[in-house]
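Novice:
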Amino acid sequence: MNIETSCENCMNYTYDEEYDEYVCIANIDEDEYYRVMSNRRCPYFRFGDDYTIVKKQM
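Numbers 68 to 125, taken from the working numbering, label the letters of the sequence shown in order.
1. Closest by CA to SER73, which one among ASP83, CYS91 and GLU85?
2. Please report the straight-line C-alpha distance between ASN106 and GLU88, rounded to a whole angstrom.
3. PHE112: buried (16+ other C-beta within 10 angstroms of its C-beta) or exposed?
4. What is the rounded straight-line gap between the Cα of PRO110 and the Cα of ARG102?
5. Tell me whether ASP98 sits in a helix, a strand or coil according to DSSP, three-state version.
6. Going by C-alpha to C-alpha distance, which of ALA93, MET104 and ASP98 sits closest to MET78?
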């Protein structure tokens, strides 16, 4: 997977306790989601390493 679509490295990919799984918090509708998965490029991707992602969640 390309770094530009690696959800695990994105600031918008956070853990949702209600669903007990990681979800994307970017406001993406079904059409945009399909386009992102087809093109392997997400316009909402914001790179964040483990430190910055954990810092944001605190």
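Beta carbons are placed, not taken as given, at the ideal position from N, Cα and C, and that holds for glycine.
Specialist: Straight from the coordinates:
1. Position 6 of the sequence shown, counted from the start, is the residue given in the question as residue 73. Among ASP83, CYS91 and GLU85, the Cα nearest to that of SER73 is on CYS91.
2. Counting from 1 along the sequence shown, the entry for residue 106 is found at position 39. Counting from 1 along the sequence shown, the entry for residue 88 is found at position 21. So the alpha carbons of these two residues sit roughly 24 Å apart.
3. Within the sequence shown, residue 112 is the residue found at index 45, counting from 1. Buried is the label assigned to PHE112, since at least 16 other Cβ atoms lie within 10 Å of its Cβ.
4. Taking the sequence shown and counting its residues from 1, the one referred to as residue 110 is at position 43. Taking the sequence shown and counting its residues from 1, the one referred to as residue 102 is at position 35. Distance between the alpha carbons of PRO110 and ARG102: 10 Å.
5. Working through the sequence shown from its first residue, we reach residue 98 at position 31. If DSSP states are grouped into helix, strand and coil, ASP98 belongs with the helices.
6. Mapped onto the sequence shown, residue 78 falls at position 11. Measuring from the Cα of MET78, the nearest candidate turns out to be ALA93.
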